[in-house]
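Protein chains in written order, with the working numbering: chain P, 1 to 300; chain Z, 301 to 600; chain F, 601 to 900.
Beta carbons: idealized from backbone N, C-alpha and C, even for Gly.
Remember, predicted model here, so these are calculated numbers, not experimental data.
See below for the structure under consideration.
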Amino acid sequence: GSARMGVIYTEDRQKAFFDVDNKQELQFSSRIRIVFTASGETDTGLAFGGTIRADNAAGGNAGTAGSVFMSGAFGRLSMGDVNGAAEQIVGDLAGVGFTGLGDKSDNMFLGNGGIASIINDEFELPFFFDEDQTAIGVRPTALYVYSTGGLTFALSADNPGNDVNGVLERVLSVAVGYSVDSYSFGVGYESAKADGVSIDHVVASAGASFSGVDLKAVYGRSSDLDFKQYGLSASYSVDAIGVSAFHRVEDFGGDKTRYTGIGASYDLGGNAAVVGGLVNTKADGASGRNTADLGLTFSF
Amino acid sequence: GSARMGVIYTEDRQKAFFDVDNKQELQFSSRIRIVFTASGETDTGLAFGGTIRADNAAGGNAGTAGSVFMSGAFGRLSMGDVNGAAEQIVGDLAGVGFTGLGDKSDNMFLGNGGIASIINDEFELPFFFDEDQTAIGVRPTALYVYSTGGLTFALSADNPGNDVNGVLERVLSVAVGYSVDSYSFGVGYESAKADGVSIDHVVASAGASFSGVDLKAVYGRSSDLDFKQYGLSASYSVDAIGVSAFHRVEDFGGDKTRYTGIGASYDLGGNAAVVGGLVNTKADGASGRNTADLGLTFSF
Amino acid sequence: GSARMGVIYTEDRQKAFFDVDNKQELQFSSRIRIVFTASGETDTGLAFGGTIRADNAAGGNAGTAGSVFMSGAFGRLSMGDVNGAAEQIVGDLAGVGFTGLGDKSDNMFLGNGGIASIINDEFELPFFFDEDQTAIGVRPTALYVYSTGGLTFALSADNPGNDVNGVLERVLSVAVGYSVDSYSFGVGYESAKADGVSIDHVVASAGASFSGVDLKAVYGRSSDLDFKQYGLSASYSVDAIGVSAFHRVEDFGGDKTRYTGIGASYDLGGNAAVVGGLVNTKADGASGRNTADLGLTFSF
Numbered sequence: 001g002s003a004r005m006g007v008i009y010t011e012d013r014q015k016a017f018f019d020v021d022n023k024q025e026l027q028f029s030s031r032i033r034i035v036f037t038a039s040g041e042t043d044t045g046l047a048f049g050g051t052i053r054a055d056n057a058a059g060g061n062a063g064t065a066g067s068v069f070m071s072g073a074f075g076r077l078s079m080g081d082v083n084g085a086a087e088q089i090v091g092d093l094a095g096v097g098f099t100g101l102g103d104k105s106d107n108m109f110l111g112n113g114g115i116a117s118i119i120n121d122e123f124e125l126p127f128f129f130d131e132d133q134t135a136i137g138v139r140p141t142a143l144y145v146y147s148t149g150g151l152t153f154a155l156s157a158d159n160p161g162n163d164v165n166g167v168l169e170r171v172l173s174v175a176v177g178y179s180v181d182s183y184s185f186g187v188g189y190e191s192a193k194a195d196g197v198s199i200d201h202v203v204a205s206a207g208a209s210f211s212g213v214d215l216k217a218v219y220g221r222s223s224d225l226d227f228k229q230y231g232l233s234a235s236y237s238v239d240a241i242g243v244s245a246f247h248r249v250e251d252f253g254g255d256k257t258r259y260t261g262i263g264a265s266y267d268l269g270g271n272a273a274v275v276g277g278l279v280n281t282k283a284d285g286a287s288g289r290n291t292a293d294l295g296l297t298f299s300f
Numbered sequence: 301g302s303a304r305m306g307v308i309y310t311e312d313r314q315k316a317f318f319d320v321d322n323k324q325e326l327q328f329s330s331r332i333r334i335v336f337t338a339s340g341e342t343d344t345g346l347a348f349g350g351t352i353r354a355d356n357a358a359g360g361n362a363g364t365a366g367s368v369f370m371s372g373a374f375g376r377l378s379m380g381d382v383n384g385a386a387e388q389i390v391g392d393l394a395g396v397g398f399t400g401l402g403d404k405s406d407n408m409f410l411g412n413g414g415i416a417s418i419i420n421d422e423f424e425l426p427f428f429f430d431e432d433q434t435a436i437g438v439r440p441t442a443l444y445v446y447s448t449g450g451l452t453f454a455l456s457a458d459n460p461g462n463d464v465n466g467v468l469e470r471v472l473s474v475a476v477g478y479s480v481d482s483y484s485f486g487v488g489y490e491s492a493k494a495d496g497v498s499i500d501h502v503v504a505s506a507g508a509s510f511s512g513v514d515l516k517a518v519y520g521r522s523s524d525l526d527f528k529q530y531g532l533s534a535s536y537s538v539d540a541i542g543v544s545a546f547h548r549v550e551d552f553g554g555d556k557t558r559y560t561g562i563g564a565s566y567d568l569g570g571n572a573a574v575v576g577g578l579v580n581t582k583a584d585g586a587s588g589r590n591t592a593d594l595g596l597t598f599s600f
Numbered sequence: 601g602s603a604r605m606g607v608i609y610t611e612d613r614q615k616a617f618f619d620v621d622n623k624q625e626l627q628f629s630s631r632i633r634i635v636f637t638a639s640g641e642t643d644t645g646l647a648f649g650g651t652i653r654a655d656n657a658a659g660g661n662a663g664t665a666g667s668v669f670m671s672g673a674f675g676r677l678s679m680g681d682v683n684g685a686a687e688q689i690v691g692d693l694a695g696v697g698f699t700g701l702g703d704k705s706d707n708m709f710l711g712n713g714g715i716a717s718i719i720n721d722e723f724e725l726p727f728f729f730d731e732d733q734t735a736i737g738v739r740p741t742a743l744y745v746y747s748t749g750g751l752t753f754a755l756s757a758d759n760p761g762n763d764v765n766g767v768l769e770r771v772l773s774v775a776v777g778y779s780v781d782s783y784s785f786g787v788g789y790e791s792a793k794a795d796g797v798s799i800d801h802v803v804a805s806a807g808a809s810f811s812g813v814d815l816k817a818v819y820g821r822s823s824d825l826d827f828k829q830y831g832l833s834a835s836y837s838v839d840a841i842g843v844s845a846f847h848r849v850e851d852f853g854g855d856k857t858r859y860t861g862i863g864a865s866y867d868l869g870g871n872a873a874v875v876g877g878l879v880n881t882k883a884d885g886a887s888g889r890n891t892a893d894l895g896l897t898f899s900f
């Protein structure tokens, strides 16, 4: 499991949503999570198992949280709240802060419910969400991964049996990654069809690691959504100290939002650390806004 | 704990409930469950303990899920989401499929909230359910079981203190089972009183096991509800292979619904198996509908 | 973890809230709880960890249930669902019954969401609760405790960043306790500000332990709320037998409610016990009402 506690600063945060005069920019933040992992092996040597957190155990029972897998020489098949293939291979940039500060270093993907979020956010079509804002029917997502040498192939499909509204007809993804020496490359393709409209997304990454420095660049594009995303992150660690930074841009139809983050951590040993970060969010035509945090992180 | 993943086929399943032209018969299905069991012993040698799953831990705290027990020479007393006496002794037929395919091989009982479901389903009186469709007030159910030689006696009562609507005045059950050599017999009686009306249910079973074959027959009747249920199941296992089948009929006022299922499993060792099943549901005056599944099951 | 099962008697409890003629005074009650505790140590010897129950694991993820701590020579800092300083030092009276029978032996405090409950109950201002009746924004509460010799100092603050309605501007508390030989004393001060109004609360306790007897007296007062509370509890244990009693008064603007409880327990060994209690609640101008329970308690 893991735990954390600290404070979060949110610039210009109002005390109450209807009260523009009073600000309350500081909040306490803490949490504790318990993780269960289970595993076994068949008589022929296939590995199987699963994982789920205590706090979303109900989702684990429904197939919308946690995951289940079987793996062997054929590769690894998993189902549940698993990455789409593109996300599995391309992944996210390095984040900052003990809370992640909104995870603005994460890239957008169509798989595993991502298309539902995008359509919901951008076009205000809440078709894909039930009353609890849980994406309907996209999970369990199925992911198949096969690795050989430095190559990794991934293939995924969101649950084809979408419930109730059923406007999300399919989300498929295929991706391939390649690692050699200290370099890694990934490219992924995602294809969704919602309410009769096809939506594609192509995304690629390149990374390098040397002398304690990790660099990563990502570029993604969906012409169907008139959407682009690109960004860069760098992280460096020496002894107990780690620093990281990212810059990431989302462009919907020419309207850009820029996220810039810097962070640092100090390892206390025993799986405890002091971690802090600062993220600036700046949308075209709006003034930038800062959030920052500082706290302790523990893992058990 | 346990986990499973696979696919479910539901004949004529519509993509969206308002759209009769588009079908989406295939769904992914996965889940993972974590089970906690706790036990202890008093100084005088009485055993006690309980069990609860992580995904319904909140119900365990409320007494509506999981169970708590104490046992000794006097028998075993348990409370929570426990079987009524008739269900404890008579039980269900052998099921099929890695998901159970709707558990149509399960018999109906009045105890532990069953009467609430029956009345709710058949007479569209949602008296017993709160907004989350949880039966109100029937749990914790209390169950007492005493075994001596081949005889087992069981006695149960749903929670007498029903909340809010309180139309369910009592659900009591008594049952006795007898096992000799490879044969087993059970008979149970349930008595409920709801909104001033008494409802009785008598149900019996007979089973035999020989040469890897398990046979079971069940017959139940509630003249107050003008309800009958009867069925037969057979299962056979040899080496890693298991097959099973059931046929079960529910008759409400002469309107019969017939459930027929066949299934097979292949044991992979290490508590993993491949399991599949097919269930046909056929109500009087309607065409039959098939559901089927195929998947992997794991236990840890 | 822990578990319990038994029966509760509530005098004059109606079967249904709209039906004054039918009473159902007896209820079954059972529950099972699983507790997770996690801990570690940094390289410099600081201890850290946290605790959460399975049934409120979702709250643990949100910082509203369970808690996280770090401790060392500097004292102990914790965050989550932790006591305010006054509650940490002064605490509650000894309770009775296997269920606690409504925990009427507990004192009222402003910290950790208490002021929200008080205002909600007394003035029918549901500002602080969301739809699930969860106090908004008061958690995580932060608590700092430092002990030296027989002295214990405590300092706490509810989450300063209250969400949405934000009328609760601050809840701070400071308290000090002193133990010498078999005597203990505590005094706490709490200061809240809600919707522009300051509310203070001073509360003190004295306790003594001798020959198996524990005595405790508490007095608290908030002139801003025109509120007083005071009470006394005694508990005695010899061999496997324990008895306890309390009397406690809450006075809001001269309207007094008196709670009187007596209870007994018999230790079965192995962390199992038989526990029963009786509580009488008597408000000014109303007839008293009794609740009682009897059951088994287990801890694992």
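DSSP puts residue i in a beta bridge; with which residues?
i              : result
V503 (chain Z) : Z:G488, Z:G520
R33 (chain P)  : P:S2
I115 (chain P) : Answer is none; I115 (chain P) lacks a bridge partner.
R770 (chain F) : F:K793
Please report how far the alpha carbon of residue i lies from the alpha carbon of residue j, in whole angstroms.
i              : j              : result
A57 (chain P)  : G366 (chain Z) : 15 angstroms
S235 (chain P) : E641 (chain F) : 26 angstroms
Q733 (chain F) : F300 (chain P) : Note that Q733 (chain F) scores 46 on pLDDT, short of 50, meaning its location in the model is unreliable and no value can be drawn from it.
T400 (chain Z) : G391 (chain Z) : What sits at residue 400 (chain Z) in the sequence shown is Gly, not Thr. Taking the straight line joining both Cα atoms gives about 15 angstroms.
Q88 (chain P)  : A506 (chain Z) : 53 angstroms
G114 (chain P) : D824 (chain F) : 51 angstroms
V82 (chain P)  : F153 (chain P) : 15 angstroms
V620 (chain F) : N890 (chain F) : 18 angstroms
I52 (chain P)  : G877 (chain F) : 40 angstroms
P126 (chain P) : R139 (chain P) : Caution is warranted here: a pLDDT of 47 is assigned to P126 (chain P), below 50, making its placement in the model unreliable, and no coordinate value can be reported.
G595 (chain Z) : S330 (chain Z) : 9 angstroms
A62 (chain P)  : H801 (chain F) : 47 angstroms
V764 (chain F) : Q24 (chain P)  : Any reading at V764 (chain F) needs caution, since the residue's pLDDT is 45, under 50, leaving its predicted position unreliable; the model's value is listed next. Roughly 11 angstroms between the two C-alpha positions.
G301 (chain Z) : R333 (chain Z) : 5 angstroms
Just to confirm the assignment, what range does the beta strand (DSSP E) spanning residue i have?
i              : result
G80 (chain P)  : 75 to 80
Q229 (chain P) : 227 to 238
G542 (chain Z) : 541 to 552
A394 (chain Z) : Careful: A394 (chain Z) lies outside any beta strand (DSSP E) and carries neither H nor E.
M70 (chain P)  : 67 to 72
V445 (chain Z) : 441 to 448
Output, in chain order, the set of chain Z residues within a Cβ distance shorter than 8 angstroms of residue i.
i              : result
F810 (chain F) : Correct list: empty, because the minimum Cβ distance to chain Z is about 28 angstroms.
Name the chain P residues that come within less than 7 angstroms of residue i, Cβ to Cβ?
i              : result
A572 (chain Z) : G40, T42, F48
G569 (chain Z) : T42, D43
A742 (chain F) : F28
Determine the chain P residues that contact residue i at a beta-carbon separation under 9 angstroms, and present them in chain order.
i              : result
I715 (chain F) : In chain order: nothing, as chain P lies at least about 16 angstroms away.
G777 (chain F) : What G777 (chain F) touches in chain P: nothing, since even the nearest Cβ is about 24 angstroms away.
Closer than 9 angstroms by beta-carbon distance: list the chain Z residues that pair up with residue i, in chain order.
i             : result
V68 (chain P) : A303, R304, M305, S330, R331, I332, L596, F598
Name, please, each residue of chain F whose Cβ falls closer than 7 angstroms to the Cβ of residue i.
i             : result
G62 (chain P) : As written in the sequence, residue 62 (chain P) is Ala, which differs from the Gly given in the question. Within chain F, no residue comes near A62 (chain P); the closest Cβ sits about 14 angstroms away, beyond 7 angstroms.
D55 (chain P) : A657, A658, G660, N661
Who are the neighbours of residue i on chain P, taking C-beta pairs under 8 angstroms?
i              : result
Q327 (chain Z) : N159, P160, G161
At a CB-CB cut-off below 8 angstroms, which residues of chain F make contact with residue i?
i              : result
I248 (chain Z) : Not covered by the structure: residue 248 (chain Z). The range shown for chain Z is 301 to 600.
Could you tell me which chain Z residues have their CB closer than 7 angstroms to the CB of residue i, listed as they occur along the chain?
i              : result
I118 (chain P) : What I118 (chain P) touches in chain Z: nothing, since even the nearest Cβ is about 21 angstroms away.
Please list, in chain order, the chain F residues whose beta carbon lies closer than 9 angstroms to that of residue i.
i              : result
M408 (chain Z) : Those within 9 angstroms of M408 (chain Z) in chain F number zero; the least Cβ separation is about 23 angstroms.
A492 (chain Z) : Neighbours of A492 (chain Z) on chain F: none; closest Cβ ~15 angstroms, over 9 angstroms.
What residue range is occupied by the uninterrupted alpha helix (DSSP H) comprising residue i?
i             : result
A62 (chain P) : 57 to 62
Q. Taking the runs of the beta strand (DSSP E) that are 3 residues or longer, which of them lie wholly in the segment 272 to 299 of chain P?
A. Listed in chain order, the beta strand (DSSP E) elements of length 3 or more contained wholly in the segment 272 to 299 of chain P are 272 to 283, 289 to 299.
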